[in-house]
Amino acid sequence: DGGITQSPKYLFRKEGQNVTLSCEQNLNHDAMYWYRQDPGQGLRLIYYSQIVNDFQKGDIAEGYSVSREKKESFPLTVTSAQKNPTAFYLCASRLRKNTEAFFGQGTRLTVV
Amino acid sequence: QQPVQSPQAVILREGEDAVINCSSSKALYSVHWYRQKHGEAPVFLMILLKGGEQKGHDKISASFNEKKQQSSLYLTASQLSYSGTYFCGTDISSGSARQLTFGSGTQLTVLP
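Here the protein sequences line up with chains A and B, keeping their order.
Per this note's numbering, residue 1 is the first one in the first sequence, and the count goes up by one each step.
Per this note's numbering, residue 1001 is the first one in the second sequence, and the count goes up by one each step.
Written out as structure tokens, the structure is:
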């Protein structure tokens, strides 16, 4: 049963702490993406990766970091440098350029 | 770099038609359309590749004018199930890069 899995669904953290969001896919997709969603602002691209051990910054990369050590996994770390981290985070993957993207169910991060 | 969508919100009665527009300041390879229900993952509707094609999917269709760097999504005889937020996503012509960027979304509400 192929798909893309994000965990956890809900995450609460104290201000100043780093937190890592998990994203795993078993679709054998090369490209993976992280988006942040805030009300009224759509999906904003944080980071994306085309192949293992390579990734590029998106439009709002400041305060975030990623790694791509395995094809299946693309974890996102929200660091203490991110000034307003509370948001809904979506991970996506796709086979190659100009093909459909598949999304995970998202992680809602709340920083208190 | 995000594509621009219009309108931001639409309210319809069941059976009415709607058009959602998407435009980019950069040359496009393809345009994607997704629908998202509140708190859920975006769901793929269709992808249009450059070539000025038009696609259809039940009573939802779309066009892509690559010269104008614009796409439009047409919802005909809308149903209650069409309610949600619609996003266009764009593949920018930039070599092998697989950056996939989304607009800010159009919130569609269909009333009985």
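Ideal Cβ positions, reconstructed from N, Cα and C, are used throughout, including at glycine.
Every value quoted in this text rests on a predicted model; they were computed, and no experiment measured them.
| Query | Result |
| --- | --- |
| Contact under 8 Å by Cβ, Asn-98 (chain A) with Asp-1091 (chain B) | yes |
| Per-residue burial, Thr-20 (chain A) [other beta carbons within 10 Å of its own, 16 or more giving buried] | exposed |
| Proximal residues to Asn-1021 (chain B) (C-beta, below 6 Å), its chain only, five neighbours per side dropped | Ser-1006 and Ser-1072 |
| Burial state of His-29 (chain A) (16 or more Cβ within 10 Å) | buried |
| Exposure label - Phe-103 (chain A); buried when at least 16 CB within 10 Å | buried |
| Beta carbon of Gln-1001 (chain B) nearer than 8 Å to that of Asp-59 (chain A) | yes |
| Straight-line Cα distance separating Gln-1069 (chain B) from Arg-94 (chain A) | 23 Å |
| Residue span of the beta strand (DSSP E) that contains Arg-36 (chain A), given as start and end | 31-37 |
| Under 7 Å from the C-beta of Ala-31 (chain A): neighbouring residues of chain B | Arg-1098 |
| C-beta neighbour in chain B for Tyr-48 (chain A), strict 8 Å | yes |
| Runs of beta strand (DSSP E) lying entirely within the region 1019-1098 of chain B, each at least 3 residues, in chain order | 1028-1036, 1043-1049, 1054-1057, 1060-1065, 1070-1075 and 1084-1092 |
| Partner residues on chain A for Leu-1111 (chain B), Cβ-Cβ distance less than 7 Å | Correct list: empty, because the minimum Cβ distance to chain A is about 21 Å. |
| Cβ neighbours of Thr-110 (chain A) in the same chain (closer than 8 Å, five flanking residues each side left out) | Tyr-10, Leu-11, Phe-12, Arg-13 and Thr-86 |
| DSSP bridge partner residues for Ala-81 (chain A) (one or two, in chain order) | Per DSSP, none; premise fails for Ala-81 (chain A). |
| Span separating the alpha-carbon of Ser-65 (chain A) from that of Pro-75 (chain A) | 9 Å |
| Strand pairing of Ala-1146 (chain B), partner residues [DSSP] | Past the edges of chain B, shown from 1001 to 1112, lies residue 1146 (chain B), and the structure says nothing about it. |
| Cβ of Pro-1007 (chain B) within 8 Å of any chain A Cβ | no |
| Nearest neighbour of Leu-1028 (chain B), chosen from B:Met-1046, B:Ile-1011 and B:Lys-1067 [CA to CA] | B:Lys-1067 |
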